[in-house]
Structure formats: C-alpha cells, structure tokens
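The sequence shown lines up with residues 0 to 467 when you count with numbering that gives the first Met the number 0. C-beta: ideal position from N, C-alpha, C; glycine also. The model shown is predicted, which means the values in this text are computed figures rather than measured ones. Reading through the structure tokens given below for one structure.
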Amino acid sequence: MVESVDGMTATIAHIPHDVLEGMLKAIKMHEVAQRRMLLWYALELAKYIVEELKQLKEIKKIEIAGSIRRRKVTIGDIDILVVADDNDRYKIMDFFISLPEVKEVLVKGDKKTSVIIKTKSGRERQVDLRIFREDEWGAALQYFTGSKEHNVHVREIAKEKGLKLNEYGVFKVDTEEKIAGKTEEEVYNAIGLPYIVPELREDRGEIEAALKGELPDLVEFSDIKGDMHVHSNWSDGVNSIDEIIRFVKERYKYEYIIITDHSKSQRVAHGLDENRILKEIEEIKKLNKLIGFDFIKIGTEVDILLDGSLDFPDEILAKLDFVVASVHSHFKRDNTDRILKAMENPYVNVIGHPTGRLIGVREGYPLDLDIVIKKAKETGTALEINCQPLRMDIEDTWIRRAVEEGVMLVISTDSHNLGSFEYMKQGVWLARRGWATKKNILNTRSWSEVVKFVNEKRKKMGGIPVGA
C-alpha cells in the first residue's frame with residue numbers, strides 16, 4: 000500500500016505533486032469506503048439479520064448494538080446481542096451460520112459466533128452474534144454498544160466506588176456480589192449515573208453532564224413538523240409536486256413541505272430560471288388551493304456563485320417563503336468567504352450541506368466552520384443537517400458547536416424521490432449525536448414560527464417580509 004506522496008513519486012515519474020496528492024487521497028478514501036459501511040445501509044442489513052433470527056422462538060430478546068446503536072455515520076462490524084437459555088445456544092448459532100448470505104464462518108461458539116456476510120452490493124461485512132442470560136442483558140447491551148472511550152470512563156467511575164463493571168454485570172469488588180446487570184438503567188444507576196442514550200456515548204462530556212444532572216433532552220423524530228429541502232421534477236427530482244403532496248400526507252404527520260428546486264446554474268439538474276420559478280410558484284398555489292390549505296411552501300435551492308452572490312436576483316427571492324443556499328462548484332478552493340457573503344443576503348435562510356462532503360467519495364471543500372457558525376449566529380441564518388446517506392453534513396461535532404453558539408439548525412432530507420423522505424430519521428439521529436434539542440431545530444416549529452424566524456432576518460438585513 001502506498002502511504003505517502005513521496006512513495007507514489009518514487010514509482011510514478013513525471014506526474015505533478017498536486018495530482019499525486021489527489022490520487023493518494025482518492026485511494027485512501029476508497030480504502031475507507033471498503034472498510035466501512037454507511038449507517039443507513041448497515042442498519043438495513045442488521046435489521047434483516049435480526050428479523051431472520053426472530054423466527055426462532057428460543058430467542059427471548061434481540062438488539063443491534065455497537066456503532067449502529069450509537070448511530071455513527073459509518074459502520075465497521077455489525078454487533079447483535081441475544082438473550083436465550085443456555086441449552087438453546089447451539090441451535091441459535093447453527094441457524095445464524097446457515098443464513099444464505101453467510102460467506103464464511105470466522106468463529107463459532109455457544110456464546111459468540113462471527114461470520115462474513117456478503118451484501119447485495121457484493122461487499123463483505125463481519126457480523127458478530129453474542130448470546131447472554133437474562134440477568135446479563137443490560138450489562139451486555141451497555142458494554143457492546145460502546146464507545147470504547149465511554150466505557151473506559153464509566154468503568155473508572157465504578158472502580159472509584161469499589162465496583163467492577165463488565166459485560167456480565169456490576170459487582171462489588173470485595174465480595175464479588177452482583178448488584179446490577181438486567182437493564183442498562185440498572186447498570187448506570189448502580190454506579191451513580193442516570194441512563195445515557197446511546198447517541199451520546201462517545202466520552203465527549205456526556206458523563207460529566209450526567210453527573211451534574213445536565214443531560215440534554217434530545218430532539219425526537221416525532222418533533223419534526225416539516226421537510227425544508229425537497230426537489231420535484233421541475234428540476235432534478237423524480238416526482239411531481241402533486242405526487243409529493245399525496246405521498247407525504249399519507250405517511251407523515253407534517254404540517255408543511257418546502258419545494259426547493261435548483262436554480263439556473265445547475266444545468267445538469269435542470270435548474271429553473273426566473274420565468275420557470277414564477278410558473279412553479281403558480282402551480283404550487285393551484286395545488287394548495289385544491290387541498291384547501293398551504294401545505295406546500297415555495298422555496299429554492301439557490302446556487303452560491305463563485306463571488307458569493309446568488310443565482311437568483313433579490314426580487315425573485317423576495318417572492319419565496321424560504322431559501323436554501325448551497326455551494327455546488329469549485330470544491331478545491333476555500334469557500335469560506337463565498338458562504339459568508341451569501342449569509343449576508345436577507346433572503347438566505349439556511350446554508351445547504353455546508354461542507355459539501357460525500358462520504359467515501361469526496362472530502363468537504365476547505366472551509367472555516369468556526370467563522371461560518373459565528374456568521375450564521377450574527378446574521379440569523381440556519382445551517383443544514385443534510386441527511387442524505389452520502390452527505391450527513393454537517394457532522395456531529397460541528398452540530399454541537401452550532402448548538403453551543405445558539406445557531407439554528409434545519410434537518411432536511413434533500414429528497415429527490417419519495418423514498419428519500421425516510422432519511423429524516425437519520426438526520427434526527429445525527430442531530431442527537433450533536434446534542435441538539437427540539438429548540439435547536441427550526442423544522443420542529445410551526446409554520447407561523449418559521450415565518451417569524453425568516454422575517455426577523457429579512458427585517459434585520461433590509462429585506463421584504465414574507466407575505467408583504
């Protein structure tokens with residue numbers, strides 16, 4: 000394996016250094032992509048295995064653990080835990096290794112079996128199945144959910160109290176008496192902590208917050224009132240606005256959807272020019288009239304041009320209910336100033352997929368997110384948590400920074416087809432990993448509250464209020 004540009008230069012002559020550097024980055028990203036799986040697809044695979052195992056009446060409890068349970072953006076191995084009687088263990092393990100997707104059995108025992116599963120896409124993934132007794136369940140779930148750093152810290156607290164914590168329970172060191180283990184709540188309580196949700200278990204201050212009684216009340220999927228970044232077949236979406244209305248109203252308890260088709264610079268995405276977006280506005284008004292209320296809100300995903308100006312003039316943007324502004328070009332240059340200027344526009348409500356990353360495909364463009372977050376706060380601009388599986392942008396550590404700075408966030412699916420609306424769930428998971436509460440997320444608010452947010456910026460920055 001080539002580890003450095005110098006190593007590549009030694010073997011590939013006459014290729015410029017910056018080109019080699021780009022090649023090396025691409026190789027490393029490919030290697031990471033092969034080793035790790037995107038959360039959405041890892042969870043689908045894990046759920047499939049769980050459903051197969053649930054056919055066995057001998058299984059009393061079953062749960063996905065590890066980094067999937069913590070909702071990390073990418074996943075290595077898949078961990079599944081089961082509760083069963085001792086004399087049923089071999090039957091369960093035999094059934095597990097007989098699954099048609101199992102390519103290779105790495106280890107087979109009565110307590111742990113590891114296999115290589117071949118996915119539909121042809122990739123291989125290790126899956127570990129562990130079996131525990133009923134009174135060990137909570138300790139096992141806590142231990143194998145991780146993270147390693149969180150568990151080390153928790154065990155240190157236990158040790159200070161004269162206790163020992165492992166995957167089988169909480170024990171008194173001096174007498175070996177088991178005092179907890181059946182549930183996770185029982186395990187945490189035994190060492191003086193309240194229950195800590197899996198998404199926070201990264202040893203990033205959650206234990207200190209728990210000790211002080213200051214754990215945040217994290218946002219829930221049920222808090223979401225609408226999707227603020229949706230594409231229709233007016234640009235590069237698959238479905239008509241009418242199809243989107245019927246689908247969403249049947250499946251989700253949303254109060255609004257914002258159609259945000261691309262602007263004209265996105266030729267490959269059939270971006271709308273000024274005349275077409277005015278026609279789209281008229282269609283949305285007609286459709287809303289047919290259903291009896293303004294369910295579909297009028298928006299755009301406007302391109303932030305190279306100089307930071309926008310792809311639509313202000314007189315068009317002023318006619319819209321909501322504006323997502325995004326960078327879709329020049330990914331190698333530092334785009335900080337470009338985004339800062341865009342946020343100064345009174346009609347820009349949220350910066351879409353702020354870093355531009357595509358996980359395992361493309362690194363985010365150079366960007367000073369500290370400065371962007373400060374500017375977002377100053378201007379009253381939100382930042383997007385884009386929950387497309389390849390994007391998951393911005394990442395959890397920056398979500399937390401935005402939360403700490405009081406910057407509003409928007410969880411958006413960036414849907415281009417009907418199936419993508421489900422991604423809202425993993426956007427919520429990502430927000431939770433960033434310590435976000437309901438009050439930090441704009442689309443947990445009613446539409447009248449969203450309009451208030453939009454108009455506060457328009458008034459502050461000299462724009463025309465919505466509805467004026």
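- prompt: So, using beta-carbon positions, are Ile398 and Gly433 closer together than 7 Å?
  reply: Residue 398 sits at position 399 when you count from the first residue of the sequence shown. Residue 433 sits at position 434 when you count from the first residue of the sequence shown. Yes. Within cutoff.
field: Limits of the unbroken beta strand (DSSP E) element including Glu300
entry: Position 301 of the sequence shown, counting from 1, holds the residue named residue 300. Segment Ile295 to Asp302, the beta strand (DSSP E) holding Glu300.
- prompt: Thinking just about the alpha-carbon of each residue, which of Leu305, Ile178 and Phe311 is nearest to the one in Phe330?
  reply: One-based indexing of the sequence shown puts residue 330 at position 331. The shortest Cα separation from Phe330 among Leu305, Ile178 and Phe311 belongs to Leu305.
message: Going residue by residue through the stretch 328 to 391, where are the continuous beta strand (DSSP E) segments of at least 3 residues, counting only ones entirely within it?
response: Annotation note: the stretch 328 to 391 contains the following uninterrupted beta strand (DSSP E) runs of length 3 or greater, listed N- to C-terminal: 381 to 385.
message: On the criterion of 16 or more Cβ atoms from any shown chain inside 10 Å, does Arg34 qualify as buried, or is it exposed?
response: Looking up residue 34 in the sequence shown gives position 35. Per the 10 Å Cβ criterion, exposed.
message: Starting from Asp226, trace the beta strand (DSSP E) in both directions and tell me its first and last residue.
response: Position 227 of the sequence shown holds residue 226. Asp226 -> beta strand (DSSP E) spans Gly225 to Val229.
field: DSSP-derived helix/strand/coil call for Met36
entry: Within the sequence shown, residue 36 is the residue found at index 37, counting from 1. If DSSP states are grouped into helix, strand and coil, Met36 belongs with the strands.
- prompt: Which residue comes first and which comes last in the beta strand (DSSP E) that contains Asn442?
  reply: Position 443 of the sequence shown holds residue 442. Neither: Asn442 is in no beta strand (DSSP E) and is coded neither H nor E.
query: With a Cβ-Cβ cutoff of 7 Å, do Asn442 and Ile297 count as a contact?
result: Sequence index remark: in the sequence shown, residue 442 carries index 443 (1-based). Sequence index remark: in the sequence shown, residue 297 carries index 298 (1-based). No, these two residues do not count as a Cβ contact at 7 Å.
- request: Taking Ser66 as part of the alpha helix (DSSP H), name the residues at either end of that continuous run.
  value: Within the sequence shown, the letter at position 67 stands for residue 66. From DSSP, the alpha helix (DSSP H) with Ser66 extends over Gly65 to Arg68.
query: If you draw a straight line from the alpha carbon of Lys494 to that of Glu219, how long is it in whole angstroms?
result: As shown, the chain starts at 0 and ends at 467. That puts residue 494 outside it, with no answer to give.
field: DSSP-derived helix/strand/coil call for Leu210
entry: Against the sequence shown, residue 210 aligns to sequence position 211. Shown here, Leu210 sits in a helix according to DSSP, grouped into three states.
query: What did DSSP end up calling Ser325 once you bin it into helix, strand or coil?
result: Here residue 325 corresponds to residue number 326 of the sequence shown, with the count starting at 1. In this structure, DSSP gives Ser325 an extended state, which the three-state scheme calls strand.
message: Once DSSP output is grouped into helix, strand and coil, what is the label at Ile317?
response: As a first step, residue 317 is located in the sequence shown; it is residue number 318 there, counting from the start. Before going on, a small fix: residue 317 reads as Ala here, not Ile. Residue state, collapsed to three classes: coil.
query: Which runs of the beta strand (DSSP E), 3 residues or longer, sit entirely within the stretch 139 to 188?
result: 162 to 165, 168 to 171 and 177 to 179
- prompt: Quick one: Cα of Glu100 to Cα of Ile91, how far?
  reply: Numbered from 1 along the sequence shown, position 101 holds the residue referred to as residue 100. Numbered from 1 along the sequence shown, position 92 holds the residue referred to as residue 91. Between Glu100 and Ile91, the C-alpha separation is close to 16 Å.
message: Distance check for Val72 and Ser447, CA to CA, integer angstroms please.
response: What you label residue 447 is simply residue 448 of the sequence shown in a count that begins at 1. What you label residue 72 is simply residue 73 of the sequence shown in a count that begins at 1. If you take the alpha carbons of Ser447 and Val72, they lie about 33 Å apart.
- request: Grab me the residues of Ile156's own chain with a C-beta within less than 8 Å of its C-beta, minus the 5 sequence neighbours each way, in chain order.
  value: Within the sequence shown, numbered from 1, the residue matching residue 156 stands at position 157. Answer for Ile156: Ile190, Gly191, Leu192 and Ile206, listed in chain order.
- request: Could you name the residues that DSSP lists as bridge partners for Arg88?
  value: On the sequence shown, position 89 is the one that residue 88 refers to. Bridge partners of Arg88: none, in fact.
field: Simplified DSSP assignment, three categories, for Asn103
entry: As a working mapping, residue 103 is identified with position 104 in the sequence shown. According to the sequence as given, residue 103 is Glu; it is not Asn. Glu103: strand per DSSP, three-state reduction.
field: Backbone CA spacing between Val247 and Tyr253 [nearest angstrom]
entry: Locating residue 247 in the sequence shown gives position 248, counting from the first residue. Locating residue 253 in the sequence shown gives position 254, counting from the first residue. Approximately 8 Å, taken between the alpha carbons.
- prompt: Who are the near neighbours of Asp468 in its chain, counting only those whose CB is closer than 7 Å to its CB and skipping five residues on each side?
  reply: The chain is shown from 0 up to 467; residue 468 falls before or after that span and cannot be answered.
task: Just the C-alpha distance for Ile315 and Glu198, rounded to the nearest angstrom, thanks.
output: Position 316 of the sequence shown, counting from 1, holds the residue named residue 315. Position 199 of the sequence shown, counting from 1, holds the residue named residue 198. Their backbone Cα atoms lie some 41 Å apart in a straight line.
- request: State buried or exposed for Lys374, treating a residue as buried only when at least 16 other CB atoms are found within 10 Å of its CB.
  value: Residue 374 sits at position 375 when you count from the first residue of the sequence shown. Lys374 is buried by the Cβ-count criterion.
- prompt: Measuring CA to CA, which of Leu105, Val126, Leu164 and Lys60 is closest to Ile74?
  reply: Here residue 74 is taken as the residue at index 75 of the sequence shown, counted from 1. Taking the Cα of Ile74 as reference, the smallest distance to any Cα among Leu105, Val126, Leu164 and Lys60 is reached at Val126.
field: Among Asp93, Asp84, Trp428 and Ile115, nearest to Asp78 - alpha-carbon criterion
entry: Taking the first residue of the sequence shown as 1, we reach residue 78 at position 79. Ranked by Cα distance from Asp78, the options Asp93, Asp84, Trp428 and Ile115 are led by Ile115.
- prompt: Among the residues of its own chain, which have a CB less than 7 Å from the CB of Val402, if the five just before and after it don't count?
  reply: What you label residue 402 is simply residue 403 of the sequence shown in a count that begins at 1. Around Val402: Gly433, Trp434, Ala435 and Asn439.
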